[in-house]
Amino acid sequence: MEETDGPSEFYDSETVRKFALTEEAIAEKTHVLQSNCNEMAEEKKAQLLENSVRHWDLFYKHNTDHFFKDRAWLGKELPELSQACMATEEKGAHEFPLLIDVGCGVGNSLIPILLENPRMHAVAFDCSPRAVGMLRDRWASVLHKQEQGRSSKTTQPPTAGSCIQPTPVDTDAICSADKTVFIQSSSEEDYSGDRTDGRQKSPSTTAAKPAAALAAAAVARGEAQVFHYPVGQLRTVAAFDITAGDVPIEIVTKGTGDFVLLIFVLSALHPRYHATVAKRCATLLKPGGMVLFRDYAYLDMAQLRFAEQQKPKLEQNLYARRDGTLAYYFLKEEIEKLFCSEARLEVYENRYCMREMVNRKTQQRMQRIWIQAKFRKPLT
């Protein structure tokens with residue numbers, strides 16, 4: 001088991017390096033997993049699944065936006081993003097690549113991408129209203145630091161390259177409200193706007209009023225301000241659980257995405273949802289668009305730790321952390337089946353990322369294994 005076709009020098013340092021697993025090492029680690037025969041009680045499983053969204057919302061309540069680091073390395077691992085932006089710039093096109101961040105959390109993947117790619121437009125959603133609110137606040141901070149000029153409140157519609165920043169939303173209040181809550185949007189192209197009080201507008205209402213008009217009205221009422229900034233544009237951020245149904249048109253229209261970002265998302269879901277979510281992600285792509293995937297892999301150090309501690313499994317390779325959030329560990333073949341056989345996409349890349357990290361203080365060696373994959377929607 002070894003990594004193939006990935007950047008060879010990117011992670012190499014005194015404390016981080018590539019590694020490979022021999023057949024003997026694989027057999028040893030597999031034995032550790034198989035020695036854990038503890039199965040979780042059905043009642044406990046049902047409770048975890050019923051409260052899965054709540055567990056993630058509580059996770060962000062307790063950890064805020066400080067738990068995960070921003071993934072600044074994504075630009076090197078996903079060069080397709082910058083290439084798409086450069087292609088539109090060279091053509092002088094008025095269209096911009098659209099990135100759809102599924103399970104965006106607090107923006108640890110999205111914000112670095114938008115900072116690196118000023119021509120990138122993005123839509124993001126997550127099951128946790130608290131995470132969505134934190135992303136909104138983080139993005140407002142980015143705009144404050146990056147803005148080149150900030151207009152006063154005006155009745156003029158926002159221009160291309162601008163962003164509407166709504167008045168604050170009480171995320172505690174909306175936590176128990178509708179599953180779809182729109183937090184932030186701007187006016188570029190024809191997509192639906194939102195209420196600044198955090199309540200969802202009906203499809204018929206948003207369809208009757210173009211987003212630009214809604215945005216201009218919000219500015220006129222003093223409920224929003226226009227920022228100008230040299231970074232990508234975050235069109236819409238919403239609280240939505242993708243396991244609950246198709247993504248609403250108020251968030252994004254099917255078949256319009258150039259990229260769907262799925263970073264450490266599927267592993268947080270029960271396997272019963274994996275194929276459905278893969279299919280829903282595929283429907284968001286335009287022909288030629290790509291799913292960009294990264295997640296935990298089978299035999300990762302964290303999985304072995306679950307087994308060594310005899311933590312009960314919900315299913316094969318599925319565990320629950322102490323806070324109730326789930327962790328599933330994938331094989332490469334599983335991912336290819338999900339996105340190729342189920343979602344009808346074409347494999348562009350599918351590989352293991354294997355890194356051995358050394359703790360400088362304790363000299364403890366940690367062998368982490370992830371899967372990085374890219375799947376393209378056929379042109380016809």
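In the UniProt record's numbering, the protein residues as written are 1 to 380.
From the three backbone atoms N, C-alpha and C, an ideal C-beta is built for every residue, glycine too.
These numbers come from a predicted model, not from an experiment.
Check your understanding: Based on the DSSP secondary-structure assignment, which residues constitute the bridge partners of residue 413?
Key -> Lying before the first or after the last residue shown, residue 413 is absent from the chain, which here runs from 1 to 380.
Review point. On the three-pair Cβ rule with 8 Å, is the region 122-134 touching the region 44-61?
Key: Yes, since at least three Cβ pairs between the region 122-134 and the region 44-61 fall closer than 8 Å, the two stretches touch.
Exercise for review: Run through the region 242-323 for me and flag every whole alpha helix (DSSP H) of 4 or more residues, listed as ranges in chain order.
Suggested key: With a minimum length of 4 residues, the unbroken runs of alpha helix (DSSP H) contained wholly in the region 242-323 fall at 274-284, 301-308.
Check your understanding: Between Lys18, Lys61, Glu14, which lies nearest to Tyr352 when the distance is taken from Cα to Cα?
Key -> For the purposes of this step, residue 352 is taken as the residue at position 352 of the sequence shown. For Tyr352, the closest C-alpha among the options Lys18, Lys61, Glu14 is that of Lys18.
Point to revise | Asp57 - DSSP class collapsed to helix/strand/coil | key: Residue 57 sits at position 57 when you count from the first residue of the sequence shown. In the three-state scheme derived from DSSP, where H, G and I count as helix and E and B as strand, Asp57 is classed as helix.
Exercise for review: Leaving out five residues on either side along the sequence, give the residues of the same chain with a beta carbon under 7 Å from the beta carbon of Tyr298.
Suggested key: Here residue 298 corresponds to residue number 298 of the sequence shown, with the count starting at 1. Counting only Cβ-Cβ distances below 7 Å, and skipping sequence neighbours, we find Asn317, Tyr329, Phe330, Leu331.
Exercise for review: Report the option in Phe306, Ala327, Ser267 whose CA atom is closest to the CA atom of Ile335.
Suggested key: Within the sequence shown, the letter at position 335 stands for residue 335. When only C-alpha atoms are compared, the closest one is Ser267.
Practice item. Compare the Cα-Cα distances from Arg305 to each of Met290, Glu315, Arg321, Arg294 and report the closest residue. Key: Counting from 1 along the sequence shown, the entry for residue 305 is found at position 305. Of the listed residues, the one whose Cα sits closest to Arg305 is Arg321.
Review point. Which one of Leu115, Lys311, Ala282, Thr64 has the shortest CA to CA distance from Leu338?
Key: Residue mapping note: residue 338 aligns to position 338 of the sequence shown, counting from 1. With respect to the C-alpha of Leu338, the residue from Leu115, Lys311, Ala282, Thr64 having the closest C-alpha is Ala282.
**Study point:** Close Cβ partners of residue 413 (< 8 Å) along its chain, the five nearest in sequence each way excluded
**Key:** Coverage of the chain is limited to positions 1 through 380, which leaves residue 413 absent and any answer about it impossible.
Practice item. Give every residue of the same chain whose Cβ lies closer than 7 Å to the Cβ of Arg138, excluding the five residues on either side of it in the sequence, and list them in chain order. Key: Taking the first residue of the sequence shown as 1, we reach residue 138 at position 138. Counting only residues of its own chain and dropping the five nearest sequence neighbours on each side, Arg138 has a CB closer than 7 Å to the CB of Asp65, Val106, Gly107, Ile111.
Exercise for review: With a 10 Å radius around its C-beta and 16 neighbouring C-beta atoms as the bar for buried, classify Arg360 as buried or exposed.
Suggested key: Along the sequence shown, read from residue 1 onward, the residue named residue 360 stands at position 360. Label assigned to Arg360: exposed.
Check your understanding: Excluding five sequence neighbours on each side, which residues of the same chain lie with their C-beta closer than 6 Å to the C-beta of Gln303?
Key -> Stepping through the sequence shown from its first residue, residue 303 is reached at position 303. Short of 6 Å from the beta carbon of Gln303, and not among the five residues preceding or following it, lie these beta carbons of its own chain, in chain order: Tyr329.
Practice item. Take the Cβ of Ser192 as the centre, count every other Cβ of all protein chains shown within 10 Å, and call the residue buried at 16 or more, exposed below. Key: For the purposes of this step, residue 192 is identified with residue 192 of the sequence shown, where counting begins at 1. Per-residue confidence for Ser192 stands at a pLDDT of 31, beneath the threshold of 50, marking its modelled position as unreliable; the derived number appears in the next sentence. Residue environment: Ser192 is assigned as buried (16 or more neighbouring CB atoms within 10 Å of its CB, all protein chains considered).
Practice item. Round the Cβ separation of Ile251 and Phe240 to the nearest angstrom and send it over; I've been treating them as touching at under 8 Å. Key: As a position in the sequence shown, residue 251 is number 251, starting the count at 1. As a position in the sequence shown, residue 240 is number 240, starting the count at 1. The pair is a contact, with the Cβ atoms about 6 Å apart (cut-off 8 Å).
Review point. Can you give the beta carbon distance from Leu74 to Ser109, rounded, assuming they're within the 8 Å contact cut?
Key: Residue numbering aside, residue 74 sits at position 74 when the sequence shown is read from its first letter. Residue numbering aside, residue 109 sits at position 109 when the sequence shown is read from its first letter. The beta-carbon distance between Leu74 and Ser109, rounded to whole angstroms, is 6 Å. This is short enough to meet the 8 Å contact definition.
Check your understanding: Ordered along the chain, which non-local residues of its own chain (more than five positions away) have a Cβ less than 6 Å from that of Leu78?
Key -> Here residue 78 is taken as the residue at index 78 of the sequence shown, counted from 1. Scanning its chain for C-beta atoms nearer than 6 Å, with the 5 sequence neighbours on each side dropped, one finds around Leu78 the residues Leu292, in chain order.
Review point. Where do the N-terminal and C-terminal ends of the beta strand (DSSP E) with Trp370 fall, by residue?
Key: The residue you call residue 370 lines up with position 370 of the sequence shown. Trp370: member of the beta strand (DSSP E) spanning 365-376, first to last residue.
Practice item. Look at Ile263 and Phe125 and say whether their C-beta atoms are less than 9 Å apart. Key: On the sequence shown, residue 263 is found 263 positions in, with the first residue counted as 1. On the sequence shown, residue 125 is found 125 positions in, with the first residue counted as 1. Not a contact, by the Cβ cut-off of 9 Å.
Review point. If you count every other CB in all the chains shown that lies within 10 Å of the CB of Gln310, and 16 or more means buried, which is it?
Key: Along the sequence shown, one-based indexing puts residue 310 at 310. Answer is exposed; the Cβ neighbour count stays below 16.
Check your understanding: On the premise that Arg136 lies in contact with Gly232, defined as a C-beta separation below 8 Å, what is that separation, rounded to the nearest angstrom?
Key -> Position 232 of the sequence shown, counted from the start, is the residue given in the question as residue 232. Position 136 of the sequence shown, counted from the start, is the residue given in the question as residue 136. By a beta-carbon distance limit of 8 Å, Gly232 does not contact Arg136. Their separation comes to about 16 Å.
Practice item. Express the C-alpha separation of Glu14 and Gln364 in angstroms, rounding to a whole number. Key: Residue 364 sits at position 364 when you count from the first residue of the sequence shown. Residue 14 sits at position 14 when you count from the first residue of the sequence shown. Taking the straight line from one Cα to the other gives about 13 Å.
Exercise for review: Enumerate in chain order the residues of its own chain whose CB-to-CB distance from Val16 is below 8 Å, with the five nearest sequence positions on each side excluded.
Suggested key: In the sequence shown, the residue the question calls residue 16 occupies position 16. Result list for Val16: Arg355, Glu356, Met357, Val358, in chain order.
Check your understanding: How many Å lie between Tyr296 and Glu28 at the Cα?
Key -> As a first step, residue 296 must be located in the sequence shown, where it is residue number 296. As a first step, residue 28 must be located in the sequence shown, where it is residue number 28. Rounded to the nearest angstrom, the two C-alpha atoms are 19 Å apart.
Exercise for review: Starting from Lys334, follow its DSSP beta bridges and name the residues at the other end.
Suggested key: In the sequence shown, the residue the question calls residue 334 occupies position 334. In the sequence as displayed, the identity of residue 334 is Glu instead of Lys. According to DSSP, Glu334 shares a beta bridge with no other residue.
Practice item. With DSSP collapsed to three states, give me the class of Glu116. Key: For the purposes of this step, residue 116 is identified with residue 116 of the sequence shown, where counting begins at 1. If DSSP states are grouped into helix, strand and coil, Glu116 belongs with the helices.
Review point. Considering only C-alpha positions, which residue in the set Phe67, Val277, His274, Met290 is nearest to Glu80?
Key: Indexing the sequence shown from 1 puts residue 80 at position 80. That would be Met290, whose Cα lies nearest to the Cα of Glu80.
Check your understanding: Measuring CA to CA, which of Gly103, Met301, His144 is closest to Ile26?
Key -> As a working note, residue 26 is residue 26 in the sequence shown. When the alpha-carbon of Ile26 is set against those of Gly103, Met301, His144, the nearest one is in Met301.
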